[in-house]
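Okay, so here's the structure we're looking at.
Protein chains: 2
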Amino acid sequence: MSNERLIYLPLGGAGEIGMNAYVYGYGAPGKERLIVVDLGVTFPDMDGTPGVDLILPDISWLKERREQIEAIFITHGHEDHIGAVGHYWDALRAPILARKFTGALARRKLDEHGAPDTALRIVEAWPETVTFGPFTVGFVPISHSIPESAGLVIDTPKGRVVHSGDFKIDETPIVGEPFDRALWAEIAKPGVRALICDSTNVFSPEPGRSEATLSDSIETFMQEATGMVVATTFASNVARLKTLATAAERAGRSVCLLGRAMRRMVEVGTETGLLDGFPSTISPEDVLDMPRQNVLLLVTGSQGERRAASAQLANGKYMGLTLTEGDTFLFSSKTIPGNERGVIRIMNQLSEMGVDIVDDDGGKYHVSGHANRPDLEEMHAIIRPAMMIPMHGEHRHLRKHARIAEEAGLPSIVAVNGMMIDLSGNRPSVAEYIETGRTYIDGTVQIGALDGIVRDRIKMALNGHMVVTLILDENDQPLGEPWVELAGLPETGISNAALVDVIEEDLGQFVNRADRKTLRSEEKLDHELRRIARNSAQSEIGKKPEVTVVVSRLS
Amino acid sequence: MSNERLIYLPLGGAGEIGMNAYVYGYGAPGKERLIVVDLGVTFPDMDGTPGVDLILPDISWLKERREQIEAIFITHGHEDHIGAVGHYWDALRAPILARKFTGALARRKLDEHGAPDTALRIVEAWPETVTFGPFTVGFVPISHSIPESAGLVIDTPKGRVVHSGDFKIDETPIVGEPFDRALWAEIAKPGVRALICDSTNVFSPEPGRSEATLSDSIETFMQEATGMVVATTFASNVARLKTLATAAERAGRSVCLLGRAMRRMVEVGTETGLLDGFPSTISPEDVLDMPRQNVLLLVTGSQGERRAASAQLANGKYMGLTLTEGDTFLFSSKTIPGNERGVIRIMNQLSEMGVDIVDDDGGKYHVSGHANRPDLEEMHAIIRPAMMIPMHGEHRHLRKHARIAEEAGLPSIVAVNGMMIDLSGNRPSVAEYIETGRTYIDGTVQIGALDGIVRDRIKMALNGHMVVTLILDENDQPLGEPWVELAGLPETGISNAALVDVIEEDLGQFVNRADRKTLRSEEKLDHELRRIARNSAQSEIGKKPEVTVVVSRLS
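Chains A and B supply the protein sequences, listed in that same order. Be aware that the first sequence starts at 0, since it is given in numbering that gives the first Met the number 0, and climbs by one per residue. Be aware that the second sequence starts at 0, since it is given in numbering that gives the first Met the number 0, and climbs by one per residue.
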């Protein structure tokens, strides 16, 4: 028994915000029984992942140990925690456990990937627990920006681990359970070996604010707005939806939901009983018959997503609805770093329509769902663990969070994706480094981030593309001249002649001079045609395009 | 005379932040004499302009009226006001006027494009004026985040126009002239027909802060830092450079400048006498011989630019220098919306090295160079113009600024790029809409934003690229099978066969079945090969790639 160990291994979410996927293991080294906590996704962007549809954690390490996996626990229903359960169901085939609301969201994803009903098991909140191998796990309600979030209490033969999940300290969260200090203190009493703790807001110096602090300002806003009001927020922020819809109703406005995620969340919130008292909603067709000042559109796309309802309304029309002078658009949200361009694009399009834009405005219309620095310190103090491992954050967040802990005398370590940490000793220590990374969903295919496919796309976007074709006869003699086709390149360069003509001329001269040996060698010919075409382009347009060479030999 | 008019025409900067280029005209409609105010650039990004090197205003309208242009006035040396003077020198050939510091920067750009010495004329500050045709123009010192910024006083037969340029109200700007209320009030006295006014900070509700308010916190920061300090800010913010360098010197640190723009700005600042008292600097080689706590590196790249000194230091090494645990990196800057990803990337790389990162931290280490809302209102009140036209801002900024003016009883209009405004009447009115846009510097070539070249690159980045080649003999009969080459696409799809094989198989079947008429028609053959290849890819990988079809006919 003495060589058994308790390990923690982040495969996603540690060194980044998003794509959460954590593994805990207990047993003899290499033979640990494993549980997975969260299987999230992250989103592509034009900078680094053009054309990619979705980014998933690389779970090769888990796939090779499928027999060791006991279960998968999902802390809450945000895409960066739940988004990959469907995609990876078939690869892992371990039972998936979640609370009711989270489970209802997981169910839809599992259905899309043909998983059976038995794949998912709904768990009641703490004090109920479930036991899988050496792990006894309880879902402890914790406040966050989506209902029924849970921190996990994971009991093992080496003691208790608390995995905070994403959380904030909110005693009046509008929907769902308030943060319960007494309950967490009770859980801490027997002693906690390790707290694995959310780090995303570690740089926010003030204590976090409650969801309930927004009610008054949103109420006033709805009363004072004159034309149609459009409000956007994360669809999963069910509490916010309720605050917005209730304030609208009191201001004599009927609520219309736009966007698939918005309708789905209200549907799931209603079917799980969390949204009792949510105003009844009207359809887009109904909206057309109503005075504008009697309508609230609650829409997706707070982050400027191109296909969401916000972007489509800003483009002109969505579901028959158009915005106009005198309407007001409320961003009840914060722009996630990296999404600024998309959000600003929408704001300017709305401005062109004469729509007034109201954004967060110093916290009147949005609060964060994560614990700020003082709240993290409070959580450390409540749990009083023997060690604290920061999770869910970029490197700088993890490092800052670890330092705060160390400065308070709490052993810590910066553990990024792929670092397997041994939690068995007095201090966390690195047990192993695991090869890990990202998997892309590209169209309908899963591709590896390092396959070079996306790198080639980026190169074409930066440099343009050129096709060079050459036909050789049975005697390896050129049949006609080399032929050039361009894509994403200017038609003329400095010489003012057509760029294709200049390049074809250079290639033609080479082919005419080339000796038999060169013309016979696939490799040499390819190399030379490419080199000459690129140099020719460089001197004409100052760019070296990507080149595809196609040499056809008649035989 | 009565049909002569005074017009204002933004060609860049109105409806965007950056790429400033404004035209004023006076004369009979269509025959106006023209002056240009500022010729700036804006910067490309992967989202919309991959592979582009620089973005310039489209000056076709000006080129067609070259004979009507009297002169080009540059208000200050920021790239978004001065960046295109070199590129467009040859196209416009009008005298360029600027104050000494701005002129020294313009000189370098003009030299790179072979313009003669006479192209540039240095002008002293107001009350000196210069007269070109119907315009008498004075450069009035105004505070901003670069030395010797000027607002322009433009006297015309229809009265006085004040073009604010970029500005803030700063009475203690560290370097250069303080904002001078009395001087501006004096200028306003004879009556101002129109104020054309900076709008970038119209959404900032508090009065702006002076550059001098940073001195104490920067001083304290330099004293308290232990290892090497690296500080980044806009190189053109010469006042900030001075504050940072002086504070470093007092803390026993020698200053080393890294990055071309940083060295150039200090050089120009010194040669124009603005940087008297700037500490003498040391070379990167000198740094290697010094204790870390005695060094300040002043570096370019506050916006995360990939090739700048910041990014290179974060990547590991620059000019022989490396950062390490215990060093501190200060961002004495604000991240411009859209640049977050690049900046965050650098912060995390530094975090991995153990470098402490200090950012703006609630305004301790950075102030904006633009007038906030109350400052804009103060400027309106000082100038008391008959009308106010907001310039330099996105649509939402211009709209907000115009509304503030209108609410204070000041006639205004939202004038975006291409809207020619008649300033001759009691209210600003639209005289004409001009076709305008953007010109890209792509490698060494100028291309139009609407040429479709960049659009094709974006499509390849999103969808990948495929080449289909087919050879036909003298009788239009296929010689062998169609051949497929892929770029930026996965090698296999759902059938687990090689993607090229599947597509070639589908194309081969089509070619074998195709009738003579199809095989003879260039257009039909191209259309069908493309369609089949795309559909085949769609069913295999869920993506329709961009396709280049090359049909070769032997004859």
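Glycine included, each C-beta is placed from N, C-alpha and C at the ideal position.
Taking 8 Å as the CB threshold, residue 339/A lines the interface with chain B. Taking 8 Å as the threshold, the shortest C-beta distance from residue 444/A to chain B falls below it. According to the DSSP assignment, residue 352/A belongs to the alpha helix (DSSP H) that extends over 339-352. When the beta-carbon positions are compared, residue 327/A and residue 352/A stay at least 8 Å from each other. Residue 445/B is bridged by DSSP to 440/B. Put simply, the backbone Cα of residue 111/B is about 7 Å away from that of residue 85/B. By the Cβ-count criterion, residue 236/B is buried, with 16 or more other Cβ atoms from all chains shown falling within 10 Å of its own Cβ. According to DSSP, residue pairing for residue 392/A in a beta bridge involves 13/A and 15/A. Counting the other CB atoms within 10 Å of its CB gives residue 472/A a total below 16, which places it among the exposed residues.
DSSP places residue 138/B in the uninterrupted beta strand (DSSP E) bounded by 134-140. Of the residues 18/B, 33/B, 264/B and 446/B, the one whose Cα lies closest to the Cα of residue 42/B is 18/B. Across the stretch 365-398 of chain B, CB contacts with chain A closer than 9 Å involve 393, 394, 395, 396, 397 and 398, in sequence order along the chain. For residue 54/B, no chain A residue has a Cβ inside 7 Å of its Cβ, as the nearest lies near 14 Å away. Going by C-alpha positions, residue 227/B is about 20 Å away from residue 342/B.
A Cβ-Cβ contact shorter than 8 Å links residue 138/A with residue 98/A. The beta carbons of residue 299/B and residue 258/B sit closer together than 8 Å. In this model, residue 122/B and residue 391/B are separated by some 24 Å (Cα to Cα).
Bounds of the beta strand (DSSP E) holding residue 33/A are 32-36. By the Cβ criterion, the stretch 203-217 of chain A is not in contact with the stretch 22-37 of chain A, since fewer than three pairs of Cβ atoms, one from each stretch, lie closer than 8 Å. Listed along chain B is no residue with a C-beta nearer than 7 Å to that of residue 203/A; the closest approach is about 11 Å. Looking at the backbone, the Cα of residue 284/B and that of residue 54/B are separated by about 36 Å. Residue 245/A is bridged by DSSP to nothing; it lacks a bridge partner. Listed along chain A, the residues sitting closer than 7 Å to residue 547/B by beta-carbon distance are 466, 484 and 486. Beta-bridge annotation (DSSP): residue 21/A is paired with 9/A and 36/A.
In the three-state reduction of the DSSP assignment, residue 289/A falls in the coil class, being assigned neither a helical nor a strand state. Rounded to whole angstroms, the gap between the alpha carbons of residue 100/A and residue 208/B is 49 Å. Cβ-Cβ distances below 6 Å link residue 144/A to 236 and 368 in the same chain, with the five nearest sequence neighbours on each side left out; the list follows chain order. For residue 349/A, the closest of 407/A, 312/A, 373/A and 448/A by C-alpha to C-alpha distance is 312/A. For residue 50/A, a Cβ of chain B is located within less than 8 Å of the residue's own Cβ. Counting only the Cα atoms, residue 190/A lies some 22 Å from residue 373/A.
Straight-line spacing of the CA atoms in residue 146/A and residue 302/A works out to 21 Å. For a cut-off of 8 Å, the C-beta gap from residue 10/A to residue 416/A is around 6 Å, short enough to register as a contact. Within chain B, the residues whose beta carbon sits less than 7 Å from that of residue 346/A are 395, listed in sequence order. Across the set 400/A, 378/A and 377/A, the C-alpha of 400/A shows the shortest separation from the C-alpha of residue 388/A. Look at the stretch 2-22 of chain B: the residues with a C-beta under 8 Å from a C-beta of chain A are 14.
Membership of residue 88/B in the alpha helix (DSSP H) is indicated by the continuous run 84-91.
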